[in-house]
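So the sequence shown is residues 1 to 117, counted in UniProt numbering. What follows is one structure encoded as structure tokens, with my remarks underneath.
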Amino acid sequence: MLTYFRSKLESFTQHQFSANWKINQLNSLKQCLQENTCLVVNAFSENYRGIKKDELQSGYFCKTEVSIHVSVIYRYVVVKYEHVNENELVSELMFCISPDGIHDHFLNSGGNKISPR
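If you want it as structure tokens, here you go:
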């Protein structure tokens, strides 16, 4: 049992270091964010499958799957449109549900809509 926990502890320290580094990078980017710009953080997408409670065998082969893509957008308020304090950093969540199971296609398409080339 002790050997098991030691193996988990080794991977946890790497995970903890990586998590701390990522949050420090995010905080640094948010502090340097200028007006009229935004910071978009995209999470890796997940595939989810919908099933009926009393699913028949034929329903198993006709899967209903979607990909859920989550993005967090950090930006400063636009005082002209929003009645909040000036220079306030706000975060907005964006959830996209897609029937596309190939994540690269959806992310490229969504990325082009956010920032056309």
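Backbone N, C-alpha and C define an ideal beta-carbon position, used for all residues, glycine too.
Note: Tyr74 is bridge-paired with Leu39 and Ser91 in the DSSP secondary-structure output. Here Ser67 is buried: its Cβ has 16 or more other Cβ atoms, across all protein chains shown, within 10 Å. Distance from the CA atom of Tyr76 to the CA atom of Ala43, rounded to whole angstroms, is 21 Å. By the Cβ-count criterion, Ser45 is buried, with 16 or more other Cβ atoms from all chains shown falling within 10 Å of its own Cβ. In the three-state scheme derived from DSSP, where H, G and I count as helix and E and B as strand, Ser18 is classed as helix.
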